[in-house]
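S.K.:
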Amino acid sequence: MEISSKENSCFFSNNTILPVDRSSFKSESSASKENQPCCGGIKIFLGALSFVYFAKALSGSYLKSTMTQIERRFDIPSSLVGVIDGSFEIGNLLIIILVSYFGAKLHRPRIIGAGCLIMSAGTFLIAMPQFFMGRYRYERFSSTINSTADISPCLQDKSQTPLSALEKSQAKINAGCEKEAGSSMWIYVLLGNLLRGVGETPIQPLGITYLDDYAIEENAALYIGCVQTVAIIGPIFGFLLGSLCAKLYVDIGFVDLDSVTITPKDVQWVGAWWLGYLIAGVISVLAGIPFWFLPKHLPKPEGRKDSSTSSEQSKFIIEDNKDQCKSCQQQTKITEMAKDFFPSLKNLFGNPVYILYLCASIIQFNSLFGMVTYKPKYIEQQYGQTSSKTNFVIGLINIPAVAFGIFSGGLIMKKFRIGVLGATKLSLGSSFFGYLLLLSLFAMGCENSDVAGLTVSYHGTKQMTDYEQALFSECNSGCSCSKNDWDPICGENGVTYISACLAGCQASNGSGKNTVFFNCSCVGTFESSQSSSAVVGPCQKGNECPKMFLYFLVISVITSYTLSVGGTPGYILLLRCIKPHLKSFALGIYTLAIRVLAGIPAPVYFGIAIDTTCLKWGSKRCGGRGACRLYDSSALRYVYLGLTLVLGTVSIFFSVAVLWVLRKSSSPRDETLSANGERGACGTKSRKHNFVNSDHLIQSTYWPEKETRL
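In terms of full-length UniProt numbering, the sequence shown is residues 1 to 710.
Have a look at this one:
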């Protein structure tokens, strides 16, 4: 063992050849400890890794918080927003195999530092369209934009509209069409998010395995739990930053805010989405700085120096001649490392626990990615909340519950010294009870808002006919209205009308946000109407909706905590049931599969499904369908929660299969050792003699030629 250790240390040395004897080895080892930089401690690396996890989580969560803002700003449907969200995973896909496999043989901290710089560049690129596009334009009737012309909302006769006003209006539309190419600038958002994915790639596979290589075995689970807990703090600040920016108008600093006639409650409101990306980009740059000063190797803990679970960087190539230290000086060649690629891949896919857990994770992450991506939209549309309040609630209530759950999982693993079999049970239990709680959310929704011509008729009865045909009624038949407009007003009867024209309003008073419409013929014909006036903006949801929103928050917090408890045990299961020198590669393949089969498709098909629940689409200035203005609340609830629950249920079946395989492969002796804090079903310290110092397959009593006991 000492000879092998010496050869590994000599192999990575760039200095002169040292004699092969015990005394020189001891002196070399002690000298290396003395010369180790102060920043080489595992706790320093833990702090640096935690901060970079915070940075990437902040930018990622901020993107989630701005999804509805981006949808409105670029006037695109939810399905296209899902493509933008999935571009991050595509960026990971481009280099994840190379980084996870070859990165383990190189300077891991510096690769992470370079990734942070790329990640920050992508974050800055996302914000760039704001500075090259024209100012944001929203649909508003001319009298609400501080117009001096006295124009009736209901244009019973177009001759009452001054010719010059019509010409100017048409000229503005034509000018807008000429600049319509600016709407394609969402491509820069997509490319920036893709670049973020490229930069984020090395952080997880290289950072976690570096931490696991040099941490004391008993502390590995706690360290990983700490990293993931700190990473959850990033989304807290990300969503709070999103809440703050959503309150600010998109063109703040470029236009007179007094001239803005919409409020944050309006579905056309767009906040200063670009501002947060500039802040997140700066944080990413700062997070990458410490990694440029961290060493390639850290001192091995005393309890792991003689352990067969040595660093994967010391085991990736077989020594042909262990007696010749001259061969130890040769630098690693890419071709030599590539020779072991396909055998390593075959070894991973021959591992039944790894494959089953991978399938369970893919399906579960499909449900989680879709749920998290569209959760802000769901809260806004289902409960009538503003984007600012939605992001604030998610950041201040939901995310801390997730952080506490992940930390609790790591703490339980350490306190009760749970082995692999116990970790599997804990992960399965958290998923089962989490999705069971999610089932109750079906009963905590709000009814559709009363929107004349869409959800109710102009006479107050429930709408049953095709909505486009029902937008017109006898009360507005004499008006020249467009069915494509979306400029909602709230009548005194509590019903929302798509526009003042469709409400049959004959006169208006005031300007901007304070505009009041009078003599609205459709408002007066409503069954419960006692007045025919209306104000700018949609009506609020029903009286029961705030109470339902409170119930939703309580159940959502408990569900988030329950599902998160199984996070750390799942990681431990993944790390402990594979060969030690394949940890980075296994995590890379795992991450790749999650990105390709969950991260990319889930937001897209969730978005397509959500688009089917749209009742009223917006229209672009030059024609064509824009962003959705109003959703069917009931259909949205069943689609959003139903997809999440079905996928989660399927993942539970795969988790049960993982537990069954582990139980079948375990002996009573393993379970006893697992209860005492050993490695459980995937290996025990009592089997150290089964390890050899090479990357050959290790014979196992339970899974011959497939598993390595750690």
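The C-beta atom is built at its ideal place from N, Cα and C for all residues, glycine as well.
Predicted model, so just to flag it, every value in this text is computed and none were measured.
CA-CA distance, L94 and I489?
M.R.: 48 Å
S.K.: Indicate the three-state DSSP secondary structure (helix, strand or coil) for Q329 in the structure shown.
M.R.: Interpretation of Q329 is limited by its pLDDT of 43, a score under 50 that renders its predicted location unreliable; no figure is taken from the coordinates.
S.K.: Taking the straight line between their C-alpha atoms, what separation do you get for A534 and T591?
M.R.: Rounded to whole angstroms, the gap between the alpha carbons of A534 and T591 is 54 Å.
S.K.: Among F585, A220, I608, Y638, whose alpha-carbon lies nearest the alpha-carbon of C628?
M.R.: I608
S.K.: Since F518 sits in a beta bridge, which residues does DSSP pair it with?
M.R.: A507
S.K.: Below 8 Å on the Cβ atoms is my contact criterion, and I expect A507 with N519 to pass it. Report the Cβ-Cβ distance as a whole number of Å.
M.R.: 5 Å
S.K.: Around the Cβ of F341, are there at least 16 other Cβ atoms within 10 angstroms (buried) or fewer (exposed)?
M.R.: exposed
S.K.: Hey, how far is the Cα of L645 from the Cα of V99?
M.R.: Near 34 Å, if we compare the C-alpha coordinates of V99 and L645.
S.K.: Determine which residues share a DSSP beta bridge with S619 and list them.
M.R.: R625
S.K.: Does DSSP put G103 in a helix, a strand or coil?
M.R.: If DSSP states are grouped into helix, strand and coil, G103 belongs with the helices.
S.K.: So, at 6 Å on beta carbons, what are the nonlocal neighbours of S78 in its own chain, with the 5 sequence-adjacent residues on each side left out?
M.R.: G607, I610, D611
S.K.: Taking C-alpha atoms, which residue in S556, A280, V639 lies nearest to C245?
M.R.: Ranking the options by Cα distance to C245, first place goes to A280.
S.K.: According to the neighbour-count rule (16 or more other Cβ atoms, all chains shown, within 10 Å of its Cβ), is W274 buried or exposed?
M.R.: buried
S.K.: Closest to F131 by C-alpha separation, out of I558, M185, Y458, would be which residue?
M.R.: Here the closest residue by C-alpha is M185.
S.K.: To which residues of the same chain is I600 closer than 7 Å at the C-beta, ignoring the five residues directly before and after it?
M.R.: G86, E89, I90
S.K.: Ends of the alpha helix (DSSP H) at A657?
M.R.: 633-665
S.K.: Just to check my reading of the structure: I283 and I203 have Cβ atoms closer than 8 Å, yes? What is that Cβ distance to the nearest angstrom?
M.R.: The pair is not a contact, with the Cβ atoms about 14 Å apart (cut-off 8 Å).
S.K.: Rounded to a whole number of angstroms, what is the C-alpha to C-alpha distance between I406 and I232?
M.R.: 9 Å
S.K.: Ends of the beta strand (DSSP E) at V536?
M.R.: 534-536
S.K.: Tell me the start and end of each unbroken alpha helix (DSSP H) in the segment 549-613 that is at least 4 residues and wholly inside, in chain order.
M.R.: 567-576, 583-594, 601-611
S.K.: Out of L257, V270, Q364, G510, which one is the CA nearest neighbour of S388?
M.R.: Residue nearest to S388 within the set L257, V270, Q364, G510 is V270 (criterion: CA-CA distance).
S.K.: Could you check which residue in C479, V372, V353 has the C-alpha nearest to that of L63?
M.R.: V372
S.K.: In this structure, does DSSP put V255 in helix, strand or coil?
M.R.: strand
S.K.: Write down the C-beta distance between Q540 and G384 rounded to the nearest angstrom, noting that I regard them as a contact closer than 8 Å.
M.R.: 6 Å
S.K.: If the criterion is Cβ atoms closer than 9 Å, does the pair P264 and A57 meet it?
M.R.: Remark: C-beta atoms of P264 and A57 do not approach each other more closely than 9 Å.
S.K.: Restricting to Cα atoms, I'd like to know which of P603, A602, Y605, S634 is closest to L615.
M.R.: S634
S.K.: Can you tell me which of Y357, L368, S619, P546 puts its alpha carbon nearest to the alpha carbon of C577?
M.R.: Y357
S.K.: Opposite A403 in the DSSP bridges: which residues?
M.R.: Beta-bridge pairing links A403 to no other residue.
S.K.: Looking at C-alpha atoms only, which residue of S521, P109, I412, A114 is the closest neighbour of S430?
M.R.: I412
S.K.: I363 and L437 look like a contact to me (Cβ under 8 Å); what is the Cβ gap, rounded to whole Å?
M.R.: With 8 Å as the limit, I363 and L437 do not qualify as a contact, their Cβ atoms being about 19 Å apart.
S.K.: Can you give the Cα-Cα distance for A121 and T201, rounded to whole angstroms?
M.R.: As the crow flies, the alpha-carbon of A121 is around 14 Å from that of T201.
S.K.: Kindly identify the DSSP beta-bridge partner or partners of T496.
M.R.: V451, C490
S.K.: Please report how far the alpha carbon of P662 lies from the alpha carbon of G566, in whole angstroms.
M.R.: The amino acid occupying residue 662 in the given sequence is Leu; Pro does not appear at that position. Those two C-alpha atoms are separated by around 17 Å.
S.K.: Considering just the uninterrupted stretch of the alpha helix (DSSP H) at S344, what are its terminal residues?
M.R.: 341-349
S.K.: Here's the rule I'm using: 16 or more other beta-carbon atoms within 10 Å means buried, otherwise exposed. How should A215 be labelled?
M.R.: Classification for A215: buried.
S.K.: If you run the structure through DSSP and keep just helix, strand and coil, what is V456?
M.R.: strand
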